[in-house]
Amino acid sequence: MSQAQDTETVQEDGVIESVSGPVVTATDLDARMNDVVYVGTEGLMGEVIEIEGNITTIQVYEETSGVGPGEPVENTGEPLSVDLGPGVLDAIYDGVQRPLDVLEEKMGTAFLDRGVDAPGIDFETEWEFTPTVDVGDTVEAGDVVGEVPETESITHKVMVPPDYEGGEIESIESGEFTVDEIIAELSSGESITMHQEWPVRQARPADTKETPTVPLVSGQRILDGLFPIAKGGTAAIPGPFGSGKTVTQHQLAKWADADIVVYVGCGERGNEMTEVIEDFPELEDPKTGKPLMSRTCLIANTSNMPVAARESCIYTGITIAEYFRDMGYDVALMADSTSRWAEAMREISSRLEEMPGEEGYPAYLAASLSEFYERAGKFQNINGTEGSVTAIGAVSPPGGDFSEPVTQNTLRIVKTFWALDADLAERRHFPSINWNESYSLYRQQLDPWFRDNVADDWPEVRQWAVDVLDEEDELQEIVQLVGKDALPEDQQLTLEVARYLREAWLQQNAFHDVDTYCEPKKTYRMLLAIRTFNDEAFDALEAGVPVEEIQDVDATPRLNRMNTSDEWNEFIDDLESDLEEQIRSLY
Ligand code: ADP
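Sequential numbering of the sequence shown, starting at -13, is according to the numbering used here.
Take a look at the structure:
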């Protein structure tokens, strides 16, 4: 996080008037909205959130106990910004982009002490810069002027900052540079370094937002198969505790075909975030074998960190995501969980004594949520490249009640809804995404991609599965009243097919070497095999074969092993021909 350390920009000091938790008021401070200020003698970092006459209200990103009236407040005159440049990947930050390892070194503990400041990127490290433009070339705002191998996986593109005028390149050199050394000079008098700052509450500019037409392939059958999300799309994963939000987010971070992952751990219980901080650096990118962190930026704000830092972490995350989008990358941002973020907003709002909205959340809850999700999208960047930010937010509604305001307001905005279900989790059906409640509004616009890249009849086969599952849902009500055996045989058979859809196709074990990732072609083939069973079985039923006999065919249990089969093409081919042969031999 940059807070303008150069003293020239520092304005006149104000004086603290009152302190209420993270909310501090000051008088006589010459400040604008969203300016970063240093509060009290310890210089705690805060942000101006309200100005009324001579009274300035500040939310402070650190614990304020012991800070009292009369102490000074110093204005930096700059908005809350992130430091952008090589070194953002592979980093673990707190909500205001202080690198946790640097803080830990300074304080000897992972828990924040006060008044400790650290820039978001290291100003000492030297990076190997290679220009991609020459002296005499003309560059505009956003244009790429060179590259840096940032990590094993990602080449960092050094861009002209979006707020530059641009001009002819007067000098540019390759070599080893720190992020604030000048690497290029322009005829406009502007000089370029590898370091940019950007105010977190302001979206980075783009040319146009386009309709996303390519899926973010996740390798998770229920997602790719039934509820796909687009690259540049938005999704919510609501679910009660223990229903699999974290596993789903981790699976996406590992497997989704995004170039970059920004993972915002926002105020989950301390020990869970510790897990993330410990787990992620250990994880391997399954596709490249390289460390997952080499294409990941982690923002870890646990609930024992001050509430205001939680409020800002989402913005820090999305700004970093937009920066990599500008380089032409597909970025997936995961926020776990937006409920804690909303709770932080609620707490600050109540300290400000604002008029509360539903369940005490501020009236602007919906606006803030949509402001965040609006920053997702597939974009034509100002430098002509295309990039995307996909935003996936976990929601943890108290008691799993989806009617509460955060879930409801999120639902109005996001286009994909993966509803986790406590009952399914209890029955150990994972991922416990409820197929009756979930939806994706991207299905249609992604169909052409699936037709071209997986199978021409993908949408039809999917629709068949959806219909069977719907029918099962209706039949279940009758089964609960009168029992399965009271149903006509064709309906019993439908239930059997639906059972295979659920158990053999929708269930997927995140912890199984093979099953953890299922490429879309395999997802499709597995579904076709179940449909082969369906078609053969109904033909046999029509020919007078009793339903139990069809169910008992030797090959059918193998449907449940398609998921873990490595050589799935061969396995499924064999299975299909055995099913055909064995069922046909019954009549
Ligand atoms: P939440 O974050 O919603 O509290 P978790 O993601 O921690 O829940 O999931 C709880 C447990 O459920 C996990 O520890 C794991 O045992 C099981 N689980 C969740 N999803 C899967 C999955 N896809 N495959 C296998 N097990 C899963």
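Note that beta-carbon positions come from the ideal geometry of N, C-alpha and C, so glycine has one too.
Quick caveat, the model's predicted, so the values are computed rather than measured.
Unbroken beta strand (DSSP E) stretches of 3 residues or longer found wholly inside the stretch 183 to 234: 194 to 196, 220 to 224, given in chain order.
Nearest C-alpha to E458 among V392, P445, W421: W421. In this structure, G132 places its C-beta atom within 9 Å of the C-beta atom of I169. Using a cutoff of 8 Å, the CB of T232 counts as near the ligand ADP, since one of the ligand's heavy atoms is closer than that. Using a 10 angstroms sphere on the CB of P148, the tally of other CB atoms reaches 16 or more, which defines it as buried. DSSP, read as helix, strand or coil, puts C504 in coil. For E114, the closest C-alpha among the options V82, T164, V125 is that of T164. The Cβ-Cβ distance between G228 and V381 does not fall below 9 Å. The beta carbon of L565 sits no closer than 8 Å to any heavy atom of the ligand ADP. Around the beta-carbon of H498, fewer than 16 other beta-carbon atoms lie within 10 Å, marking it exposed. Contact between V186 and V68 holds: their C-beta atoms lie close to 6 Å from each other, under 8 Å.
Bounds of the beta strand (DSSP E) holding L172 are 170 to 172. Annotation: E535 to A529 spans about 12 Å, alpha carbon to alpha carbon. Between V9 and I304, the gap from beta carbon to beta carbon reaches 9 Å or more.
The continuous alpha helix (DSSP H) containing N395 extends over residues 391 to 399. Between G385 and S323, the gap from beta carbon to beta carbon reaches 9 Å or more. Unbroken alpha helix (DSSP H) stretches of 4 residues or longer found wholly inside the stretch 429 to 456: 429 to 439, given in chain order. Taking the Cα positions, E159 is about 32 Å away from L284. Put simply, the backbone Cα of S51 is about 22 Å away from that of C299.
Distance check between K508 and each of D521, Q494, N520 places Q494 closest, using alpha-carbon atoms only. For T62, no pairing in a beta bridge is given by DSSP. In the three-state reduction of the DSSP assignment, D316 falls in the strand class, which pools E and B. In the structure shown, H181 falls within a coil segment according to DSSP collapsed to helix, strand and coil.
Looking at the DSSP output, W113 bridges to F163. At a threshold of 8 Å, Q237 counts as near the ligand ADP, since its beta carbon sits closer than that to one of the ligand's heavy atoms. Taking I78 as reference, the option from E446, C252, M341 with the minimal CA-CA separation is C252. P201 places its beta carbon 9 Å or farther from that of A222.
According to the DSSP secondary-structure assignment, C283 is paired through a beta bridge with V248. G54 and A295 have their alpha carbons spaced roughly 20 Å apart. The secondary-structure analysis by DSSP pairs E270 across a beta bridge with P277.
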